[in-house]
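Numbered according to mature numbering (1 follows the signal peptide of the UniProt record, and there is no 0), the sequence shown spans residues -27 to -1, 1 to 201.
Ideal Cβ positions, reconstructed from N, Cα and C, are used throughout, including at glycine.
Notes for the one structure printed next.
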Amino acid sequence: MVLKLSFTIVLIATLALFTSYTPQAEAHSWADCIDWKGANGRNDFKNGKCNGYARRFPTSKKYSFGSLDSASPNRHYEQDHDNPNSALPCSDGKHGEETGANETRAKNIKDAYDPKKGYGKMTVARAGQTLCVRWPAKNHSKEYKVPNVQIHMARVPNRSDISQRELIRNTIANLPYGNCNSGSSDRRPCGGCFKVPTNRKPGVYLLQWRWMLNKNEWYTSCADVQIR
């Protein structure tokens, strides 16, 4: 009788442990803001204002910060694993390990930033200006303190999207993914700042945010930056 009672107690305790445990979801990130102005300085990615977004980025209030992994289409585009350096630099919504939303260059650039379609505005900057880009932690902030976020910027303006290899040759910054403010592990705001190269003449340039989660596992976000 004592043995049966002990077994029952152990079984109930074990079931309670498993039912109360919720595994932390692994998720993948994206850049939501290309020109973030922190209310309390450049390292404040929690309070502030976004003055320039990724292509076709939805700004509807129904999407809270970091929630677009559940949107349709979501914002995390994962490049092909076999040869990511030859993959599409910007999601077309059709290809990749995860297809993501359409971030290809619009025929009319302004169409990807049309407020009537619910999109955020395009980044406007000067050569030499500091821009701060923001992204949600998605449960990875403590894993990556090393600079594994790459910022690439096309060298020539007013042209179609260039290849991933050419973008890699135009890396303008390497940022630590885990540079984050306080908040939930999933939607903790993270970011970093970089300078627009001084040799960029007036025009519209492709800018790519590229993050490596694991070997050959790359996620990208694309934006247009108008240099005045």
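- Inter-residue distance for Arg29 and Pro149 is about 25 Å (C-alpha atoms, whole angstroms).
- With fewer than three CB-CB distances shorter than 8 Å, the stretch 85 to 102 does not count as touching the stretch 150 to 166.
- Between Ala27 and Cys195, the gap from beta carbon to beta carbon is short of 8 Å.
- Within its own chain, the residues whose Cβ lies closer than 6 Å to the Cβ of Leu179, once the five positions on either side in sequence are excluded, are Ala127, Asp134, listed in chain order.
- Note: Ser194 is bridge-paired with Trp182 in the DSSP secondary-structure output.
- Per DSSP, Arg138 is one residue of the alpha helix (DSSP H) stretching across 137 to 141.
- Rounded to the nearest whole angstrom, the C-alpha separation of Pro170 and Ile145 is 7 Å.
- The Cβ neighbour count for His113, taken over all protein chains shown within 10 Å, is at least 16; the residue is labelled buried.
- Residue burial is scored here from C-beta neighbours: Lys34 has fewer than 16 other C-beta atoms within 10 angstroms and is therefore classed as exposed.
- Of all C-beta pairs linking the stretch 103 to 123 to the stretch 4 to 18, three or more are shorter than 8 Å, placing the two stretches in contact.
- In this model, Ala79 and Asp87 are separated by some 11 Å (Cα to Cα).
- Here Gly21 is not near Tyr50, since their CB atoms are 8 Å or more apart.
- At a cut-off of 4 residues, not a single continuous stretch assigned as alpha helix (DSSP H) sits fully inside the stretch 98 to 124.
- Look at Pro175 here: in three-state DSSP terms it is coil, with no helix or strand label.
- Judged by DSSP secondary structure, Thr32 falls outside any beta strand (DSSP E); it is assigned neither H nor E.
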